[in-house]
Every structure is written in C-alpha cells, then in structure tokens.
Amino acid sequence: MRAFLNHFLFEFKTGIRNRQMLFMNYLFPLGVYLLLGFIFPQINPGFLDTLIPSMVMFAIIGTTLLGMPDPIVSARENGIYRSYKINGIPAASILAIPGLTTMLHLTVVTAIITFSAPFLFNAPLPVNWGVYVLVFLVMAFSSASLSLLIGVISPSTRMTILYSQLVFLPSMLLGGIMMPTSFLPETVARISLILPPTHAMNAFNALAMGQEALFNPWTGIVLLLLGGVIAAGLAVYLFNWDRHNTTQRGHPLLALLAMLPYVAGIFLMG
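Here this note's numbering is used: the sequence shown runs in plain steps of one and ends on residue 449.
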C-alpha cells in the first residue's frame with residue numbers, strides 16, 4: 180500500500196512538473212474555458228446557463244482522451260512496464276495510478292471553473308451540489324477508464340491520436356458541450372446517446388443545474404458507471420507489458436464491448 184501511495188504521489192507531481200502533462204491537465208482546459216467563456220455568451224447568451232457543466236465536461240474529455248493514452252503507449256514501447264512486471268507490480272495498479280492522478284487533477288480544474296465562472300462570466304452555480312459532485316466523479320471515472328483502454332489497445336502513439344479523436348470530436352460536436360442536444364435533429368440526437376458526454380451533460384443540466392431533462396438522467400448515470408467499469412476491466416484484461424510480447428489475452432476488438440452500455444442507451448432512451 181505504501182508503494183502504491185508513493186507511486187501515486189510521484190505521478191501526481193509529474194503531472195505538474197512535466198510541461199506536456201501540465202499543459203494537458205491544466206493550461207489546455209482552463210485556457211479553452213476562458214476563451215469560450217468570453218466569446219460564446221456574446222454569440223449565444225443562453226450558453227451561460229450551461230457554461231459550468233459544459234466547461235467541466237470539456238476539461239474531463241480533453242484531459243483524459245487527449246492526455247492519458249499516449250504516455251501508456253510510450254511507457255510500453257520503452258520497456259518501462261517490463262521492469263514493473265519483474266518487480267511484481269500488477270497491471271491493475273499500473274493502470275489505476277494514472278487514472279486516479281488524472282481524476283485528482285480534474286478535481287482541481289473543476290473547482291477552479293466552478294467557483295470562478297460566477298465572478299468572471301456571471302454563470303449560475305449548481306443548485307444541487309451533491310449530484311453535481313456525483314456526476315463529475317462518475318463521468319471522470321468513465322472517461323478515464325475509456326482513455327486507459329485506448330492506451331492499452333493502441334499499437335503506436337500515432338494510433339492513440341486516431342482512436343482518441345474518434346471519441347473526442349463527436350463528443351464535442353454532438354455531446355451537448357458546444358450546443359444543447361435538443362438543438363440536434365431527432366435522429367442525430369438519438370445517435371449521440373452512444374457518447375458518454377451526452378449522458379453526463381443531461382445529468383448535469385437536469386439534476387445539478389435544475390434544468391429540464393431530455394431523458395432519464397439517473398439511467399444515464401448508471402450507464403456511465405457501467406461503461407467505466409467495463410472499460411477498466413477490459414484495460415486490465417488486454418494489458419500488454421511490452422511491445423515484444425507476442426501472447427495476448429484477447430483481441431483488441433474486445434475493447435468495443437466498453438460501448439455496450441451506451442448502445443443499449445440508444446434503445447432505452449432514444
């Protein structure tokens with residue numbers, strides 16, 4: 180346990196000292212938050228009502244999907260995980276550390292966004308803080324687990340970009356972050372239910388911000404939790420210690436099973 184804690188603290192400090200990780204964990208999400216916060220309300224005053232959950236959601240998917248997979252692939256290619264295996268460190272611990280440290284960084288960023296937005300942009304605060312924290316934690320866990328899975332199945336750092344963007348870009352455009360899901364055509368809105376941010380934004384807006392729900396927000400939270408658990412389990416199951424390891428416990432396509440809860444959501448709530 181002490182070794183796990185030391186590793187956790189080391190990774191957390193690295194996330195602040197390393198320039199690339201500092202950018203992905205803090206400068207990138209906070210920079211976009213300030214940029215959109217000053218511009219979007221001038222274009223669409225209604226954006227202020229969802230500014231806090233939208234920017235928190237952007238921070239979550241930006242930090243996890245764009246920042247987590249690449250270090251996993253790099254460590255595997257450089258043989259770092261091989262030394263962990265020799266010292267008896269299980270795969271679950273190796274993957275849990277970046278997931279937990281990223282969630283801690285996200286907690287700091289979320290606090291900055293939440294408490295600065297009312298003063299900088301006159302954005303409304305959540306009306307239900309307990310649910311606000313719950314939705315944040317569930318979405319952060321779900322997105323971090325999916326990002327770990329992407330890093331595990333990616334054969335190279337170039338492929339991590341492709342896999343991450345396949346989730347990130349649709350999430351930005353269709354997940355309720357840049358525009359409300361209610362603005363989308365009915366067919367597109369139904370398809371957007373396959374994206375985790377769609378469920379998180381609906382839960383944020385309906386349960387935490389006191390706005391109208393587009394579909395059952397509690398069902399969405401359950402789907403996010405299931406998706407996170409499945410993705411984390413698959414990441415551990417498919418984990419490879421190094422690129423020279425010719426034995427694999429399962430085909431990378433098994434990673435698609437992590438999307439099953441969201442596919443089910445299309446039929447449950449579409």
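Think of the CB as a built atom: it goes at the ideal place given N, C-alpha and C, for glycine as much as any other residue.
Here the structure is a predicted model, which means the values were calculated and not measured.
> By a C-beta neighbour count over all protein chains shown, 10 Å radius and 16 as the cutoff for buried, is residue 430 buried or exposed?
Replying inline: exposed
> Helix or strand or just coil, what does DSSP make of residue 333?
Replying inline: coil
> Near residue 291, which residues of its chain fall below 8 Å by C-beta distance, leaving aside the five closest residues on each side in sequence?
Replying inline: 209
>> For the alpha helix (DSSP H) containing residue 388, name the first residue and the last one.
In response: Premise fails: residue 388 is in no alpha helix (DSSP H) and is neither H nor E.
> Grouping DSSP H, G and I as helix and E and B as strand, with all else coil, what is residue 397?
Replying inline: helix
>> Can you find the residues in the same chain that come closer than 8 Å, C-beta to C-beta, to residue 417, ignoring five residues on each side of it along the sequence?
In response: 328, 331, 332, 427, 428, 429, 431, 433, 434
> Is the beta carbon of residue 380 sitting closer than 8 Å to the one on residue 406?
Replying inline: no
> CA-CA distance, residue 420 and residue 345?
Replying inline: 25 Å
> residue 310: which of 233, 386, 218 sits nearest, CA to CA?
Replying inline: 386
>> Please report the straight-line C-alpha distance between residue 443 and residue 397, rounded to a whole angstrom.
In response: 15 Å
> Would you say residue 429 reaches chain C, if we count a Cβ-Cβ gap shorter than 8 Å as a contact?
Replying inline: Absent from the structure is chain C; it holds one protein chain and no more.
> Contact check, residue 207 vs residue 241 under 8 Å by CB: the rounded distance?
Replying inline: 6 Å
> Taking all protein chains shown into account, do 16 or more other C-beta atoms lie within 10 angstroms of the C-beta of residue 224, making it buried, or fewer, making it exposed?
Replying inline: exposed
> Under the rule that 16 or more other beta-carbon atoms within 10 Å means buried, what is residue 335, buried or exposed?
Replying inline: exposed
>> One question on the structure: do residue 282 and residue 319 come within less than 8 Å of each other, judged by their Cβ atoms?
In response: yes
>> In chain order, what are the residue ranges of uninterrupted alpha helix (DSSP H) at least 4 long that sit wholly in the stretch 248 to 299?
In response: 248 to 256, 259 to 265
> Quick one: any contact between the stretch 267 to 284 and the stretch 243 to 251, if contact means 3 or more CB pairs under 8 Å?
Replying inline: yes
> So residue 373 packs on residue 445, CB below 8 Å; how close in whole Å?
Replying inline: 6 Å
> Where does the unbroken alpha helix (DSSP H) through residue 205 begin, and where does it stop?
Replying inline: Where residue 205 is concerned, there is no enclosing alpha helix (DSSP H), given that its DSSP letter is neither H nor E.
> Would you say residue 243 and residue 302 are within 8 Å of each other, going by their C-beta atoms?
Replying inline: no
> Smallest Cα separation from residue 441: which of 370, 299, 289?
Replying inline: 370
> If you run the structure through DSSP and keep just helix, strand and coil, what is residue 303?
Replying inline: coil
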